[in-house]
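Residue numbering for the sequence shown is 1 to 101, as defined by the UniProt record's numbering. Glycine residues also receive a C-beta, built at the ideal position from the N, C-alpha and C atoms. Here is the structure we will look at.
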Amino acid sequence: MKLLLVCSGGMSSSIVVKAIEKEAVKTGLVITVKSVGSGEFAEELKNGWDIVLIAPQVRHRAAFFQEAAAEYNVPVAIIPPQGYNPLGGAIILAEVKKILN
């Protein structure tokens, strides 16, 4: 499964990507996670992603991201603020599982 994390482009996204990957290993999920800034999002979306994750810092642009993702039939989840941290992998994957079920 390929997860595209849309963020503000700061260093926190790499910490969150590692948290997601670590939790995926624990649960047996095979995933690829990539973080991109909101400016790179539209171009990266063309590369075939299964789910788009929206970081709390850019949730004010959620409608834009959801509209763009809908063009490619890619579901979108907004990461809750309490999940956007080094220990938030389980919270984020719970959002992903909601989409999958």
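Alpha carbon of residue i to alpha carbon of residue j, nearest angstrom
i            : j             : result
glutamine 57 : leucine 45    : 19 Å
tyrosine 72  : alanine 94    : 23 Å
proline 75   : asparagine 85 : 22 Å
glycine 48   : leucine 100   : 17 Å
lysine 97    : arginine 61   : 23 Å
Coil, strand or helix - residue i by DSSP
i          : result
leucine 87 : coil
serine 38  : coil
Beta-carbon separation (whole angstroms), residue i vs residue j, contact threshold 8 Å
i        : j          : result
serine 8 : alanine 55 : 7 Å
### Meets three-Cβ-pair contact criterion under 8 Å: the region 64 to 73 and the region 24 to 35
Because the criterion of three Cβ pairs below 8 Å is not met, the region 64 to 73 and the region 24 to 35 do not touch.
### Query
Are the region 26 to 37 and the region 72 to 79 touching, with three or more C-beta to C-beta distances below 8 Å?
Flag = no, the region 26 to 37 and the region 72 to 79 do not touch.
### Sequence ranges, alpha helix (DSSP H) only - wholly within the UniProt domain "PTS EIIB type-3" (1 to 101), length at least 4
For the UniProt domain "PTS EIIB type-3" (1 to 101), whole alpha helix (DSSP H) runs of length 4 or above, ordered along the chain, are 12 to 27, 41 to 45, 62 to 70 and 89 to 100.
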